[in-house]
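The next block holds one structure in the form of structure tokens; read it before the comments.
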Amino acid sequence: MVAALHAAGIEVILDIVPNHTAEGGVGGTTLSYRGLDAPAYYALRSDGHDADITGTGNTLDAGSPTVIRLVCDAMRYWVTALGVDGFRIDLASVLGRPGSGPFDPHAPLLTAIAVDPVLSTVKLIAEPWDATGEGYQVGGFGVAWSEWNGRYRDAVRDFWRGHGGIGEVASRLAGSSDLYRISGRRPWASINFVTAHDGFTLRDLLSYERKHNEANGEDNRDGTDDNRSQNFGEEGETTSPVRAAARLATARAMLGTLLLSTGTPMLLGGDELWRTQRGNNNAYCLDDETSWVDWSLRDGALAAFTARAAAIRRGSPALHRDRFYRDGEVLWWHPEGRRLGGADWHGPGLHTLGLLRGEWLLLLHAGTDAVAATLPPGGPFTPELDSTRSDGVPSGTRPLNGGSTITLPPRSLLLLRAP
Numbered sequence: 007m008v009a010a011l012h013a014a015g016i017e018v019i020l021d022i023v024p025n026h027t028a029e030g031g032v033g034g035t036t037l038s039y040r041g042l043d044a045p046a047y048y049a050l051r052s053d054g055h056d057a058d059i060t061g062t063g064n065t066l067d068a069g070s071p072t073v074i075r076l077v078c079d080a081m082r083y084w085v086t087a088l089g090v091d092g093f094r095i096d097l098a099s100v101l102g103r104p105g106s107g108p109f110d111p112h113a114p115l116l117t118a119i120a121v122d123p124v125l126s127t128v129k130l131i132a133e134p135w136d137a138t139g140e141g142y143q144v145g146g147f148g149v150a151w152s153e154w155n156g157r158y159r160d161a162v163r164d165f166w167r168g169h170g171g172i173g174e175v176a177s178r179l180a181g182s183s184d185l186y187r188i189s190g191r192r193p194w195a196s197i198n199f200v201t202a203h204d205g206f207t208l209r210d211l212l213s214y215e216r217k218h219n220e221a222n223g224e225d226n227r228d229g230t231d232d233n234r235s236q237n238f239g240e241e242g243e244t245t246s247p248v249r250a251a252a253r254l255a256t257a258r259a260m261l262g263t264l265l266l267s268t269g270t271p272m273l274l275g276g277d278e279l280w281r282t283q284r285g286n287n288n289a290y291c292l293d294d295e296t297s298w299v300d301w302s303l304r305d306g307a308l309a310a311f312t313a314r315a316a317a318i319r320r321g322s323p324a325l326h327r328d329r330f331y332r333d334g335e336v337l338w339w340h341p342e343g344r345r346l347g348g349a350d351w352h353g354p355g356l357h358t359l360g361l362l363r364g365e366w367l368l369l370l371h372a373g374t375d376a377v378a379a380t381l382p383p384g385g386p387f388t389p390e391l392d393s394t395r396s397d398g399v400p401s402g403t404r405p406l407n408g409g410s411t412i413t414l415p416p417r418s419l420l421l422l423r424a425p
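This note's numbering runs 6 ahead of the 1-based position in the sequence shown.
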């Protein structure tokens, strides 16, 4: 499989879970490690019960030499024998918490992986949290690691539902230097995402304000309640053409935001096809059509929009740069026709911003009403991607002069290019 994907030009990142096993707690079924040598494998309290920071009752002890050897041997095998190109590590903060104690980016297991002569040459992506507050470590890993940027996800979701100021989302659009520069990392260390296999699909993010996990058998207690979602006035699927169009328009704006942000974009498979799990945000336990891709329901226009945005990104170095911006390299623009500054960044009333970097001008408007926006000086600016169009192709490509005023429709993204 890996060889076939490589032949097609596709790298393989293996998702692994070296933080807990399938055995359950001390009172559960003994399958393997617990019966061999529980103290050598598991983080235990003084009373012999599990020190549980994974929420599963069987947290491996990242400070144990036995666990370090087990994890590193397995990862080396997957690289050397099977040829994978890297790893995404589930609940990776656990690997930096020996004995389930405080997080240390230089903990033995994280260090062993980062300095291994084989593993240090592949891509290492951390999910930088676990099941506890102490484990939330976005930005806290060492220089060898990229991270799922949970703050990017939250900021983009909040912006497109009209919550909060623009300062947070601006930092995430520009690569999150406040999180990654201090440890010597580059913008690619920020794995930007809006949705993932954990949580809502993009369609459900814009169709449900609460989770609907009844089919999972846990009385809807499982899965996160912090979804930052919106339903446009109707929970679930809709027969309203207006509501359906508003959801799709916002989806295109969010996909465009993701693919045009500095950092490494991560797209949840099926979002570009408008896949739904009918409000279930924790469907891993259901081996049925809930989490399957129904290709007969594929939205070809949304896939075309996604492809256009990805092609624009791929074709312009300015949109996937590997260095953080310095002062003067970007211009943050207010729709009134001036630089953003001062109170603009923190006030809750502004839902529109512009970002000029290189030859690209990105305009984002999350308001529910249209707004007049004056373009920066310079130009002329030619529209290249328009989220109000089903496939992203602008209705007109007439260049717009710098300083001219245009109208941004509700919940819209517009990308323009200068010579």
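Here a beta-carbon is modelled for each residue, glycine too, at the ideal position from N, C-alpha and C.
Counting the other CB atoms within 10 Å of its CB gives His-357 a total of 16 or more, which places it among the buried residues. Between the segment 224–231 and the segment 157–165 there are fewer than three inter-stretch CB-CB distances shorter than 8 Å, so the stretches are not counted as touching.
Per the DSSP secondary-structure output, Gly-360 pairs in a beta bridge with Trp-339 and Leu-369. Counting only unbroken stretches of 4 or more residues, the alpha helix (DSSP H) elements lying wholly within the segment 159–234 are 173–179, 183–186 and 208–211, in sequence order. Taking Gly-384 as the centre and dropping the five residues before and after it, the same chain places the C-beta of Gly-408 and Ala-424 closer than 7 Å to its C-beta, in chain order. Counting the other CB atoms within 10 Å of its CB gives Gly-69 a total of 16 or more, which places it among the buried residues. Taking all protein chains shown into account, Leu-88 has fewer than 16 neighbouring C-beta atoms within 10 Å of its C-beta and is therefore exposed.
A direct Cα-to-Cα measurement between Leu-279 and Ala-251 gives close to 15 Å. Here Ser-52 is exposed, its C-beta having fewer than 16 other C-beta atoms within 10 Å. Rounded to whole angstroms, the Cβ separation of Trp-366 and Ala-324 is 6 Å, and the two are in contact under 8 Å.
Between the alpha carbons of Trp-166 and Ser-418 lies a gap of roughly 9 Å.
For the options Thr-270, Leu-266 and Phe-238, the alpha carbon positioned closest to that of Asn-155 is the one of Thr-270.
Secondary structure within the segment 237–321: not one fully enclosed beta strand (DSSP E) run of 3 or more consecutive residues is present. Here Val-32 has Gly-54, His-55 and Asp-56 as same chain residues with Cβ atoms under 7 Å from its own Cβ, once five neighbours each way along the sequence are excluded. The three-state secondary structure of Asp-43, taken from DSSP, is helix. Listed in chain order, the non-local C-beta contacts of Asp-184 below 7 Å within the same chain comprise Ser-177, local neighbours out to five positions each way being set aside.
Per DSSP, the beta bridge partners of Trp-154 are Ile-197. A Cβ-Cβ separation of about 6 Å places Leu-381 in contact with Leu-406 under the 8 Å criterion. In the DSSP assignment, the residues bridged to Leu-391 are Leu-421.
With 16 or more other Cβ atoms inside 10 Å of its own Cβ, Glu-390 counts as buried.
By the 16-neighbour rule on beta-carbons within 10 angstroms, Thr-403 is exposed.
Per DSSP, the continuous alpha helix (DSSP H) segment holding Asp-79 begins and ends at 71–86. Around the beta carbon of Arg-344, fewer than 16 other beta carbons lie within 10 angstroms, which makes this residue exposed. DSSP assignment within the segment 83–145 yields the following whole alpha helix (DSSP H) runs of 4 residues or more, N-terminal first: 114–121. Using a Cβ distance threshold of 8 Å, Trp-84 and Val-90 count as a contacting pair. Comparing alpha carbon positions, the residue from Ala-202, Leu-211 and His-352 closest to Met-272 is Ala-202.
Residue pairing by DSSP places Asp-21 opposite Arg-94 in a beta bridge. Relative to Ser-267, the option among Leu-212, His-326 and Val-248 whose CA is nearest is His-326. Cβ-Cβ distances below 6 Å link Gly-170 to Asp-164 in the same chain, with the five nearest sequence neighbours on each side left out; the list follows chain order. Judged by DSSP secondary structure, Leu-11 falls within the alpha helix (DSSP H) whose first and last residues are 8–13.
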